[in-house]
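Residue numbers (full-length UniProt numbering): 1 to 301. By construction, the Cβ of each residue, glycine as well, lies at the ideal position given by its N, Cα and C atoms. Read through the structure below, which is laid out as structure tokens, and then see the notes.
Structure below.
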């Protein structure tokens, strides 16, 4: 390996390591705040009650969204990823993308059913107090399919694929809330977990020394502008969601009312949308680092 190649790989490794660390820390924080603290549990329960208030009017749409996500759909996503990778002669990227699907969904099952504990904090909740549901399996399945696709599609199609797919995954997350299956924190954790696996997959490709794409456009390009707009929108959405959530938790009479429940549901929806956007930005950044590491080595080598 040349010095330039080693330097490019080392720099990419550091950046991807930091990004993976950010996803991992975010996942731990979401679990702690939404499962291990009383305010987090109160907000989660109130937002879930608000979601159930809207479930009857949205039942058809909710069922349609949730029925799309299944083992068969995951196998279909794997087949699509494999075909795209083979057509583009990007076998390593295809293997890494399938690794995202298997790793994210497998670790979600392990975390939810074996590793993570939901203690009884004495909060009166609509769902069983000790039944852990974090991370959301449906959200993980939907978002990991999006991650796998953006890993193998041509660079020019990544942003469009990520935007459309991210919207679909966010709607799936909202559907799980409306159905009473999951709390907002469950889906937020799923987004972060998929982001972590995507970053690890990008790091694996960098270490293997193969990349099928050229560097992404510079920050001043249209794609860079879209990402900056998405980041600003995510920040505003997050601030609004946190503000509403804090207000609901702080004022008990409001929290106990139907208006408070609906407000909490809206706050949860805003936080879900913000988390999906942040995870997408991080995943696209990881793929940019992956592309540039190999392109720099090829140019200087």
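How big is the Cα-Cα spacing for residue 195 and residue 283?
6 Å
Range of the contiguous alpha helix (DSSP H) that encloses residue 254:
252–255
Where in the stretch 15–45 do unbroken runs of the alpha helix (DSSP H), each at least 4 residues long, occur, reported from the N-terminal end onward?
none
Residue 166 beta carbon less than 8 Å from that of residue 286
no
Taking all protein chains shown into account, do 16 or more other C-beta atoms lie within 10 angstroms of the C-beta of residue 83, making it buried, or fewer, making it exposed?
exposed
Mark residue 302 as exposed unless 16 or more other C-beta atoms lie within 10 angstroms of its C-beta, in which case mark it buried.
Outside the displayed span of the chain (1 to 301) sits residue 302, for which this structure offers no information.
Top-ranked residue by Cα proximity to residue 149, from 49, 88, 126, 77:
77
Whether or not the stretch 131–141 and the stretch 238–248 are in contact is what I'm after, with contact meaning three or more pairs of Cβ atoms, one per stretch, closer than 8 Å; do they touch?
The stretch 238–248, when compared against the stretch 131–141, does not touch it at the 8 Å Cβ threshold.
Beta carbon of residue 271, beta carbon of residue 184: below 8 Å?
Annotated as proximal: residue 271 and residue 184, with beta-carbon spacing under 8 Å.
Start-to-end residues for the alpha helix (DSSP H) that takes in residue 308:
This structure cannot settle anything about residue 308, because the visible part of the chain is limited to 1 through 301.
Please report the distance separating the alpha-carbon of residue 128 from that of residue 17.
37 Å
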